[in-house]
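Contents: one structure, followed by commentary.
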Amino acid sequence: MEEGVSCSQFRLYLEAAKFHYKEMSINLQDRNAFIFSLLAFLPLARSVTLVFKKEFDADKRMMSWYQTKVEAWRDKKIMKFFTDMRNVCLKEHVPMMLVRELVPLSVLSPISVNHDTKEVQASAVEIVSYMFELSEQIDGSPEVMSLCLEYLDELEDFVIEGEEMIRQFKGL
Amino acid sequence: MSEYVENAKFKLDEAKYYYEQMKVNFQDRTKFLFSLDAFLSAARAVTFVFQNARTRVDESVMKWYDTVTDGWKKDKVMRLLVEMRNVSIKEHTPQMQTTATLHFGIDVVFADSLSIKKVSPDGKGGERTTPQVTAAQESEVKPQAPASSTVISRSFYDLPEWLDQDNDVMRLCEEWLGKLEGFIAEAEKMVR
Chain A
0 MEEGVSCSQF RLYLEAAKFH YKEMSINLQD RNAFIFSLLA FLPLARSVTL
50 VFKKEFDADK RMMSWYQTKV EAWRDKKIMK FFTDMRNVCL KEHVPMMLVR
100 ELVPLSVLSP ISVNHDTKEV QASAVEIVSY MFELSEQIDG SPEVMSLCLE
150 YLDELEDFVI EGEEMIRQFK GL
Chain B
0 MSEYVENAKF KLDEAKYYYE QMKVNFQDRT KFLFSLDAFL SAARAVTFVF
50 QNARTRVDES VMKWYDTVTD GWKKDKVMRL LVEMRNVSIK EHTPQMQTTA
100 TLHFGIDVVF ADSLSIKKVS PDGKGGERTT PQVTAAQESE VKPQAPASST
150 VISRSFYDLP EWLDQDNDVM RLCEEWLGKL EGFIAEAEKM VR
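Just so you know, the protein sequences line up as chains A and B, in that order. Residue numbers for the first sequence follow numbering that gives the first Met the number 0, so the first one is 0 and each next one is one higher. Residue numbers for the second sequence follow numbering that gives the first Met the number 0, so the first one is 0 and each next one is one higher.
Structure below.
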């Protein structure tokens with residue numbers, strides 16, 4: 000946070016989204032914890048602009064700047080994708096995802112079937128990445144972590160610019 | 000089991016996960032608040048899943064759902080959950096009041112010598128004089144251990160006037176979870 004601008008609520012929501020993104024990367028091998036972190040990430044990231052609107056609703060200059068951002072986002076598929084994804088997750092179901100796993104040959108080999116338990120086999124499998132199944136809505140890779148990062152970057156730019164606007168309008 | 004009940008149950012599991020995270024992160028204010036925001040969103044979504052499935056759900060199930068949720072409108076704890084979640088999603092992280100115990104110690108060094116005289120009714124008095132601290136000893140005095148604090152409770156602050164109950168966050172979240180658990184258990188019975 001730069002000097003002269005008090006920590007805005009919309010900045011706090013960005014930090015919360017970043018926290019849950021970090022949790023996703025930490026919990027990559029634990030499917031449930033990964034999904035729960037993604038489910039926390041989606042509404043908190045979405046709230047960055049909702050909170051901004053609420054905070055500056057009465058400020059015409061800030062809202063006019065905000066409208067220019069909204070217009071610019073209309074052409075960005077990623078923003079619509081995450082807004083839709085958050086609504087689906089909140090009101091319907093967990094996002095459909097594919098999981099890419101690295102499975103050692105020893106686990107795949109028929110000999111291993113006679114070995115101990117399924118637990119041993121499961122522990123040898125490494126999750127490489129998660130992919131959103133609704134990939135036709137976006138242009139690039141449907142890989143969850145990279146899409147979330149792209150979304151976070153957009154939001155971070157928004158927050159930094161927003162803070163700059165506050166500074167300018169307050170004459171700091 | 001019906002898909003929407005499965006989805007609602009998953010939302011409940013998500014809320015339980017974040018309740019546990021709140022416990023784990025109880026001493027870390029920032030992580031605690033991030034977990035609370037996630038908890039509120041997940042807990043609130045348990046019934047959203049039902050509302051959204053209304054057109055696909057059996058009429059008797061929705062009748063039961065409406066009766067339960069109508070009852071919740073009069074339930075102050077459930078009303079607070081809805082209100083807190085709405086504030087959390089559109090305005091700010093819930094404001095909180097924290098109670099903590101502060102631990103600190105004081106080391107006293109007497110620069111001069113100190114005499115302590117014991118006065119006893121049996122006449123067996125005594126006197127003890129501590130040696131004067133030398134400059135070398137004084138320079139060896141260790142710095143004070145920093146004060147540390149332990150959070151013992153976190154309460155919601157700035158609550159609606161109608162709430163006349165204990166506002167301890169963990170207790171309220173536990174109560175919400177209990178009611179949602181009961182709701183899902185009943186829903187499972189209904190669709191079986």
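C-beta: ideal position from N, C-alpha, C; glycine also. These numbers come from a predicted model, not from an experiment.
(request) For T92 of chain B, go through chain A and note every residue whose CB falls closer than 9 angstroms to its CB, in chain order. (result) If you number the second sequence from 1, residue 92 of chain B lands on position 93. Around T92 of chain B, the beta-carbon contacts reaching into chain A at under 9 angstroms are Q8, L11, Y12 and A15.
(request) From the DSSP output, in three-state form, read off M0 of chain A for me. (result) Reading the first sequence from its first residue, position 1 is the one you call residue 0 of chain A. Residue placement at M0 of chain A is flagged as unreliable, the pLDDT there being 39, under the threshold of 50; a coordinate-derived value is accordingly withheld.
(message) Can you look up E70 of chain A in the DSSP assignment and give me helix, strand or coil?
(response) If you number the first sequence from 1, residue 70 of chain A lands on position 71. Judged by DSSP in its simplified three-state form, E70 of chain A adopts helix.
(request) Return the bridge partner residues of A99 of chain B from the DSSP annotation. (result) Your numbering for residue 99 of chain B matches position 100 in the second sequence. B:V150, per the DSSP bridge assignment.
(message) Please classify Q192 of chain B as buried or exposed, where buried requires at least 16 other C-beta atoms within 10 Å of its C-beta.
(response) In the structure displayed, chain B extends from 0 to 191; residue 192 of chain B sits before or after that span and is not available.
(request) Starting from L165 of chain B, find everything on chain A with Cβ-Cβ shorter than 8 angstroms and list it in chain order. (result) The residue you call residue 165 of chain B lines up with position 166 of the second sequence. Per the sequence shown, residue 165 of chain B should be read as Asp rather than Leu. From the beta-carbon of D165 of chain B, no residue of chain A is found nearer than 8 angstroms; the closest lies around 27 angstroms away.
(message) What does the alpha-carbon distance come out to for the pair K79 of chain A and L154 of chain A?
(response) Here the question's residue 79 of chain A lines up with position 80 in the first sequence. Here the question's residue 154 of chain A lines up with position 155 in the first sequence. C-alpha separation (whole angstroms): 13 angstroms.
(message) In this structure, how does DSSP classify M172 of chain A when only helix, strand and coil are distinguished?
(response) Only positions 0 to 171 of chain A appear in this structure, which leaves residue 172 of chain A out of reach.
(message) Let me make sure I understand the geometry here. Which of A:P103, A:V158, A:L97 and A:D152 has the alpha-carbon closest to that of F131 of chain A?
(response) Reading the first sequence from its first residue, position 132 is the one you call residue 131 of chain A. F131 of chain A has its Cα closest to that of A:L97, out of A:P103, A:V158, A:L97 and A:D152.
(message) Could you check whether the stretch 155-162 of chain A touches the stretch 12-28 of chain B, counting it as contact only if at least three pairs of C-beta atoms, one from each stretch, sit closer than 8 angstroms?
(response) Touching, no, given that fewer than three Cβ pairs across the two stretches are closer than 8 angstroms.
(message) Considering only the alpha carbon of each residue, which of A:A15, A:R30 and A:A44 lies closest to L146 of chain A?
(response) As a working mapping, residue 146 of chain A is identified with position 147 in the first sequence. The option with the nearest alpha carbon to L146 of chain A is A:A44.
(message) Check whether the stretch 32-41 of chain A and the stretch 10-23 of chain A touch, using three or more Cβ-Cβ pairs below 8 angstroms as the test.
(response) These segments touch.
(request) Spell out whether any CB of chain A is found under 7 angstroms from the CB atom of Y16 of chain B. (result) On the second sequence, position 17 is the one that residue 16 of chain B refers to. Residue contact check for Y16 of chain B against chain A: a CB pair falls below 7 angstroms.
(request) Please classify N85 of chain B: is it buried, with 16 or more other beta-carbons within 10 angstroms of its beta-carbon, or exposed? (result) What you label residue 85 of chain B is simply residue 86 of the second sequence in a count that begins at 1. Looking at its Cβ environment, which holds fewer than 16 other Cβ atoms inside 10 Å, N85 of chain B is exposed.
(message) For a quick check, are the C-beta atoms of L27 of chain A and I126 of chain A less than 7 angstroms apart?
(response) The sequence position of residue 27 of chain A within the first sequence is 28, counting from 1. The sequence position of residue 126 of chain A within the first sequence is 127, counting from 1. The Cβ atoms of L27 of chain A and I126 of chain A sit closer than 7 angstroms to each other.
(request) Using only alpha-carbon positions, find the residue among B:S114, B:T149, B:V81 and B:S40 that is nearest to L158 of chain B. (result) Numbered from its first residue, the second sequence carries residue 158 of chain B at position 159. That would be B:V81, whose Cα lies nearest to the Cα of L158 of chain B.
(request) Could you spell out where the beta strand (DSSP E) holding K116 of chain B opens and where it closes? (result) Looking up residue 116 of chain B in the second sequence gives position 117. Note, K116 of chain B: beta strand (DSSP E), L113 to K117.
(request) Note down the Cα distance separating G3 of chain A from K72 of chain B, rounded to an integer number of angstroms. (result) By 1-based counting over the first sequence, the position of residue 3 of chain A is 4. By 1-based counting over the second sequence, the position of residue 72 of chain B is 73. Caution is warranted here: a pLDDT of 40 is assigned to G3 of chain A, below 50, making its placement in the model unreliable, and the coordinate value is therefore given only provisionally. About 44 angstroms.
(message) Rounded to the nearest angstrom, what separates F155 of chain B and L79 of chain B at their Cα positions?
(response) Translated into the one-based positions of the second sequence, residue 155 of chain B becomes position 156. Translated into the one-based positions of the second sequence, residue 79 of chain B becomes position 80. Cα to Cα, the separation comes out at about 10 angstroms.
(request) Give a yes or no on whether the minimum CB-CB distance between F81 of chain A and chain B is below 7 angstroms. (result) For the purposes of this step, residue 81 of chain A is taken as the residue at position 82 of the first sequence. Output row for F81 of chain A: interface = no.
(request) For chain A, find out if any of its Cβ atoms is closer than 7 angstroms to the Cβ of K72 of chain B; answer yes or no. (result) In the second sequence, counting from the first residue as 1, residue 72 of chain B sits at position 73. Cβ-Cβ to chain A under 7 angstroms: no for K72 of chain B.
(message) For a quick check, are the C-beta atoms of T100 of chain B and T149 of chain B less than 7 angstroms apart?
(response) Within the second sequence, the letter at position 101 stands for residue 100 of chain B. Within the second sequence, the letter at position 150 stands for residue 149 of chain B. The answer is yes: Cβ separation under 7 angstroms.
(message) Here's the rule I'm using: 16 or more other beta-carbon atoms within 10 Å means buried, otherwise exposed. How should L197 of chain B be labelled?
(response) Outside the modelled stretch of chain B, which goes from 0 to 191, sits residue 197 of chain B, for which no answer is possible.
(request) Output, in chain order, the set of chain A residues within a Cβ distance shorter than 8 angstroms of E19 of chain B. (result) Start at 1 with the first residue of the second sequence, and residue 19 of chain B comes out as number 20. Per Cβ cutoff of 8 angstroms: no residues; E19 of chain B is ~10 angstroms from chain A at best.
(request) Express the C-alpha separation of E14 of chain A and E1 of chain A in angstroms, rounding to a whole number. (result) On the first sequence, position 2 is the one that residue 1 of chain A refers to. On the first sequence, position 15 is the one that residue 14 of chain A refers to. Model confidence at E1 of chain A stands at a pLDDT of 40, short of 50, so the residue's coordinates are unreliable; what they give is reported in the following sentence. One alpha carbon belongs to E1 of chain A, the other to E14 of chain A, and they sit about 15 angstroms apart.
(message) Comparing C-alpha positions only, which one of A:R30, A:V47, A:L41 and A:D138 sits nearest to S7 of chain A?
(response) For the purposes of this step, residue 7 of chain A is taken as residue 8 along the first sequence, with counting starting at 1. Answer by Cα proximity: A:V47.
(request) For V60 of chain B, I'd like the list of residues in its chain whose CB is within less than 6 angstroms of its CB, leaving aside the five on either flank, ordered along the chain. (result) The count along the second sequence starts at 1 and reaches residue 60 of chain B at position 61. Closer than 6 angstroms at Cβ, skipping near neighbours: M189.
(request) With 7 angstroms as the threshold, decide whether the Cβ of K89 of chain B is near any Cβ in chain A. (result) On the second sequence, position 90 is the one that residue 89 of chain B refers to. It does; some Cβ of chain A falls within 7 angstroms.
(message) Do V124 of chain A and V102 of chain A have their beta-carbon atoms positioned less than 7 angstroms apart in this structure?
(response) Within the first sequence, residue 102 of chain A is the residue found at index 103, counting from 1. Within the first sequence, residue 124 of chain A is the residue found at index 125, counting from 1. Yes, Cβ-Cβ distance for V102 of chain A and V124 of chain A is below 7 angstroms.
(message) Under 7 angstroms, Cβ to Cβ, is there at least one residue of chain A near N85 of chain B?
(response) If you number the second sequence from 1, residue 85 of chain B lands on position 86. Not one chain A Cβ lies under 7 angstroms of N85 of chain B.
(request) Select from the stretch 24-44 of chain A all residues with a C-beta closer than 7 angstroms to any C-beta belonging to chain B, and list them in chain order. (result) For the stretch 24-44 of chain A, which is checked against every Cβ of chain B, the residues closer than 7 angstroms are F35, L38, A39, P42 and L43.
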